[in-house]
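Numbering (our numbering), first residue to last: 14 to 402.
The beta-carbon is built from N, C-alpha and C at its ideal position, and this holds for glycine as well.
Shown next, in structure tokens, is the structure this report addresses.
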Ligand SMILES: NC(=O)c1ccc[n+]([C@@H]2O[C@H](COP(=O)([O-])OP(=O)(O)OC[C@H]3O[C@@H](n4cnc5c(N)ncnc54)[C@H](O)[C@@H]3O)[C@@H](O)[C@H]2O)c1
């Protein structure tokens, strides 16, 4: 089977060049009809080979309001009060799991066991054990599981990997990554442990980790010393109100991290210095920096960290004894990243390819997140043990 990267490359070319084959149609369901499900539905509706046939949400009436808003064909869609009843009653080719983090694992496992291909929103899961359980279900089912990291579709992200693979940096030994927002605490289900499980660490930390781990070939994480805090989310001054809660209520509900930092050792002797923040008294904790023995790459952070490249990258090298800096121009994606995320998933199903963003890579991303959380609780460095799948 082709690797995730080569599938992605082929798919991006195909997206630019090929007409969509409508001779095989795909029956698609959505589990969870909250905020991110909107982005999924909008893209699925653009594809001439997709029929959205089922929607499930735990909140009564939410799925119905949702489909009316997006003009999903009422006669063709069945609505369900949870994912289990949907999977029991529908013959589906694929589902998008768009639930809050704590139900990612359960929904993905049940869908795979029902023989359905799964596009699972990021972060993969809350804990490492959940990720392992999902991958065991994936293996047993033989179905396709892709994790919803749309920044992977960004040609600038792919350029980072190309630069590392080209050897321009030489052997990579140190990486500093992460991103921050001065004020950027989300609300709704993101701030409670019972729905989100983890805060900034999982929500936007998973993007920073993927940016650099993907570039260097996802080496196995070995040890981590992590720290988390939530000084801002728990303070009404910064938590802010939303449609249904006052700032005081949101501060009282806030039960996840809003800042995390970690020092991680990766197989092959690479050091990963990580920090992430939903809120702090600073605009950014710094750009992403990859240091190699022959060169270094600086990747500017975005103002409101969302996992993408914030501007021209700089490649630092010595050329014939001179210290040189090369600007890497920003590249334009051929289509919106979300569209490519969904299309690459659907094309992989139709063409029998492996997942565009495979669980086998994101497992290490999740192992680091899980390790930071556990190390922070214990207040010391821990070893990362990844169970056999
Ligand atoms: N890729 C991206 O850019 C991006 C952006 C935002 C959010 N997300 C991810 O998407 C996920 C959802 O975020 P959101 O903002 O849409 O959350 P949300 O709270 O608005 O929506 C989640 C919905 O899932 C439903 N749900 C939970 N468990 C269910 C189950 N077992 N069966 C049926 N419905 C169930 C809830 O009732 C809720 O309506 C999160 O994991 C988040 O990290 C990804």
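Closest option to residue 191, judged by alpha-carbon separation, among 288, 341, 219: 288.
Looking at the DSSP output, residue 41 sits in a beta bridge with 65, 107. Residue 117 has its CB nearer than 8 Å to a heavy atom of ligand 1.
Sequence-distant Cβ neighbours of residue 189 in its own chain, meaning closer than 6 Å and more than five residues away, are 286, 302. Leaving aside the five residues that flank residue 342 on each side, the residues in its chain whose CB is nearer than 8 Å to its CB run, in chain order, 325.
Taking 9 Å as the cut-off, the beta carbon of residue 106 is found no closer than this to the beta carbon of residue 69.
Assignment of beta-bridge partners to residue 237 by DSSP yields 277, 395. Boundaries of the beta strand (DSSP E) around residue 189: 185-193. CA-to-CA, the gap between residue 126 and residue 152 works out to about 10 Å. C-alpha of residue 273 to C-alpha of residue 297: approximately 13 Å in a straight line. Remark: the C-beta of residue 48 is in contact range of ligand 1, defined as less than 8 Å to any heavy atom. 9 Å or more divides the Cβ of residue 101 from the Cβ of residue 122. For residue 59, the enclosing alpha helix (DSSP H) has its first and last residue at 48-59.
Nearest Cα to residue 219 within the set 252, 160, 264: 160. In the displayed model, residue 306 falls within coil according to three-state DSSP, outside both helix and strand. Rounded to whole angstroms, residue 261 and residue 198 show a C-alpha spacing of 14 Å. Within the chosen limit of 8 Å, ligand 1 reaches the beta carbon of residue 134 through at least one heavy atom. Of the candidates 59, 63, 147, 282, the residue whose Cα lies closest to the Cα of residue 37 is 63.
Taking all protein chains shown into account, residue 88 has fewer than 16 neighbouring C-beta atoms within 10 Å of its C-beta and is therefore exposed. Of the other Cβ atoms in all chains shown, 16 or more fall within 10 Å of the Cβ of residue 42; this residue is therefore buried. DSSP places residue 122 in the helix class (H, G or I) of the three-state scheme. Residue 185 has its alpha-carbon roughly 22 Å from the corresponding atom of residue 373. Residues 186, 187, 188, 276, 277, 278 of the same chain have their beta carbon placed closer than 8 Å to that of residue 284, with the five preceding and five following residues left out of the count. Counting of Cβ neighbours within 10 angstroms places residue 48 among the exposed residues, the total staying below 16. Every beta strand (DSSP E) of 3 residues or more that sits fully in the segment 65-99 is shown, in chain order, as 91-93.
Of the residues 398, 377, 356, the one whose Cα lies closest to the Cα of residue 56 is 356. Shortest gap from the CB of residue 315 to any heavy atom of ligand 1: 8 Å or more.
Of 39, 83, 113, 86, the smallest CA-CA separation from residue 72 is found for 113. The DSSP-derived three-state label of residue 203 is helix. The shortest CA-to-CA distance from residue 369 to any of 131, 386, 193 is the one to 131.
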